[in-house]
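Taking it in order: structure first as structure tokens, then the write-up.
In UniProt numbering, the protein residues as written are 1 to 131.
In structure tokens, the structure reads:
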């Protein structure tokens, strides 16, 4: 999918199905599959945790929720864990990754939105490269 940024404070243009490319789809409340394929529509659940990856968090929450679970077709469930820097146990990050889960960078400072709107390339590099 393609995302085109707009200037700060500038209203985003309205999406048009006529202008979408093969890798684009305007947002809609309608699902893109025919009704005859409803049973084939994947069911996605999003759970968010704003916590460092620690041994305690993994044992209490992540292990019972995510580990050794499979979809109805037998394929193991997937998850992406966004981890902050502070208090994260990087051995646990490696263990979770080696179990087949994706691990992504949260940020170092976990700053509010206004911080990100005004962040320079240098600040962004420090936030995400330093982890």
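We put the beta carbon where it would ideally sit given N, CA and C, even for glycine.
Computed from a prediction, not measured in an experiment: that's the story for all the values here.
Just to confirm, is the Cβ distance from residue i to residue j under 8 Å?
i: residue 61; j: residue 79; result: no
i: residue 84; j: residue 107; result: yes
Exposed or buried, what is residue i when buried is set at 16 or more other beta-carbons lying within 10 Å of its beta-carbon?
i: residue 86; result: exposed
i: residue 81; result: buried
i: residue 18; result: exposed
i: residue 57; result: buried
Distance check for residue j and residue i, CA to CA, integer angstroms please.
i: residue 68; j: residue 124; result: 36 Å
i: residue 14; j: residue 114; result: 24 Å
i: residue 59; j: residue 126; result: 31 Å
i: residue 2; j: residue 27; result: Residue confidence is low: residue 2 scores 48 on pLDDT, short of 50, so the model does not pin down where it sits. No coordinate-derived value is stated.
i: residue 103; j: residue 129; result: 14 Å
i: residue 90; j: residue 71; result: 28 Å
i: residue 34; j: residue 21; result: 20 Å
i: residue 64; j: residue 112; result: 31 Å
Kindly give me the distance between the Cβ atoms of residue i and residue j, rounded to whole angstroms, as I take these residues to be in contact under 8 Å.
i: residue 53; j: residue 105; result: Not quite, the Cβ-Cβ distance comes to about 12 Å (not below 8 Å), so this is no contact.
Query raised in the report: Is it a yes or a no for the segment 86 to 98 touching the segment 119 to 128, going by three-plus beta-carbon pairs under 8 Å?
Result: Contact fails: fewer than three Cβ-Cβ distances are below 8 Å.
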